[in-house]
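Report on the structure given below.
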Amino acid sequence: MKWFFLLFFPLLVFSQDNSFNGIKKLPKEKLEIVINDSIQKMKSLDLYNFLLYLEEEKLANLKDYNKQLISKMEASEFPIELHFLTKILIGQKTEKSIIENILDKKRKVWELNSNWSSKFWKLINENNLTISPSPTYSKEQISEILDNYIKENKLGTNPMLSLNGYDLAEYEKDKLKEFLYELNILYIGFVSKEDCPKKYGYRGRDGMLIVKTK
Numbered sequence: 260m261k262w263f264f265l266l267f268f269p270l271l272v273f274s275q276d277n278s279f280n281g282i283k284k285l286p287k288e289k290l291e292i293v294i295n296d297s298i299q300k301m302k303s304l305d306l307y308n309f310l311l312y313l314e315e316e317k318l319a320n321l322k323d324y325n326k327q328l329i330s331k332m333e334a335s336e337f338p339i340e341l342h343f344l345t346k347i348l349i350g351q352k353t354e355k356s357i358i359e360n361i362l363d364k365k366r367k368v369w370e371l372n373s374n375w376s377s378k379f380w381k382l383i384n385e386n387n388l389t390i391s392p393s394p395t396y397s398k399e400q401i402s403e404i405l406d407n408y409i410k411e412n413k414l415g416t417n418p419m420l421s422l423n424g425y426d427l428a429e430y431e432k433d434k435l436k437e438f439l440y441e442l443n444i445l446y447i448g449f450v451s452k453e454d455c456p457k458k459y460g461y462r463g464r465d466g467m468l469i470v471k472t473k
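This is the structure:
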């Protein structure tokens, strides 16, 4: 019966007037259960709005849920969620090494996201967090990676190029390496010659190179 309550009670509460107003009526013990469960299950802006509501209505001190918020940050897969959780935990005077370790492990979520990377570096620098930028690929590394992809028949000589999430970045035929040498590359991946045509047809015959830069 307890598990039934945990699973369905937040849904019943939050369905009232499409808002969080129902939780105001909860006794303290049940409110704590709902908050814990909601931090675990909510994601992205839904979680942000919920936490903001708790603070504005003075229904809870988020510092009492520091451990839960740390766990949520460790599991986060969305840059916007990771960003506001970082700000909350900084505001709670959470030990810096905890925040630094999580951000370091979550680099793929934020550092490789061209829309969010600058926001995170601003937050990192403003709060004196010790995190160094990932090293960029050298020309030798770029050349070796491309040669290996071609040798292993994963890519052809002129693959499509996805640059920072955008398909079909243009480069001169047979000049892919020269194009990439001019970039500060943090990540190189690919969609194979076998899989790329399933989405892009004939133009994907050489596969797709996926590149993310600073």
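Residues 260 to 473 in the numbering used here are what the sequence shown spells out, letter by letter. All C-beta atoms, glycine included, are put in the ideal place defined by N, C-alpha and C. Just so you know, these numbers come straight off a predicted model, no measurement behind them.
Could you compute how far the alpha carbon of asparagine 277 sits from the alpha carbon of leucine 310?
Residue placement at asparagine 277 is flagged as unreliable, the pLDDT there being 45, under the threshold of 50; the coordinate-derived value follows with that caveat. For asparagine 277 and leucine 310, the distance between alpha carbons rounds to 16 Å.
Which word fits glycine 448, buried or exposed, when buried means at least 16 other C-beta atoms lie within 10 angstroms of its C-beta?
So glycine 448 counts as exposed.
Please name the residue or residues paired with lysine 471 in a DSSP beta bridge.
Paired residues: Tyr446.
Rounding to the nearest angstrom, what Cα-Cα distance links alanine 334 and lysine 413 in this structure?
Cα to Cα, the separation comes out at about 32 Å.
Check whether the Cβ atoms of tyrosine 324 and isoleucine 294 lie closer than 8 Å to each other.
Result yes, Cβ atoms of tyrosine 324 and isoleucine 294 sit closer than 8 Å.
Per DSSP, which one or two residues make a beta bridge with serine 421?
Answer is Ile469.
Apart from the five residues on each side of it in sequence, which residues of its chain come closer than 7 Å, Cβ to Cβ, to leucine 341?
The residues are Met332, Ser335, Lys365, Val368, Trp369.
Hey, aspartate 465 and proline 418: beta-carbon distance below 8 Å or not?
Yes.
Going by other Cβ atoms of all chains shown within 10 Å of its Cβ, with 16 needed for buried, is glycine 463 buried or exposed?
Buried, by the Cβ-count rule.
Using a Cβ-Cβ cutoff of less than 6 Å, which residues in the same chain neighbour tyrosine 459 once the five nearest sequence positions on both sides are dropped?
Result list for tyrosine 459: empty, nothing under 6 Å.
When you compare each of Leu328, Leu285, Leu362 to glutamine 351 by their alpha carbons, which one comes out closest?
Ranking the options by Cα distance to glutamine 351, first place goes to Leu328.
What do you reckon, are the CB atoms on serine 436 and serine 402 nearer than 8 Å?
Note that residue 436 corresponds to lysine in the displayed sequence, not to serine. A contact, by the Cβ cut-off of 8 Å.
Measure from the alpha carbon of cysteine 455 to the alpha carbon of each residue in Pro286, Asn423, Phe343, Leu468, then state which is nearest.
Here the closest residue by C-alpha is Leu468.
Indicate, with yes or no, if the ligand ATP has a heavy atom lying under 7 Å from the CB of glycine 466.
The ligand ATP is not among the ligands present in this structure, which contains no ligands whatsoever.
Between the Cα of phenylalanine 472 and the Cα atoms of Ser451, Trp375, Lys452, which residue gives the shortest distance?
The amino acid at residue 472 is misidentified as phenylalanine; the sequence shows threonine. Ranking Ser451, Trp375, Lys452 by Cα distance to threonine 472 puts Trp375 first.
Classify proline 338 as buried or exposed, calling it buried when 16 or more other Cβ atoms lie within 10 Å of its own Cβ.
Buried is the call here.
Taking C-alpha atoms, which residue in Glu359, Ser373, Lys398 lies nearest to asparagine 387?
For the residues Glu359, Ser373, Lys398, the minimum Cα distance to asparagine 387 belongs to Glu359.
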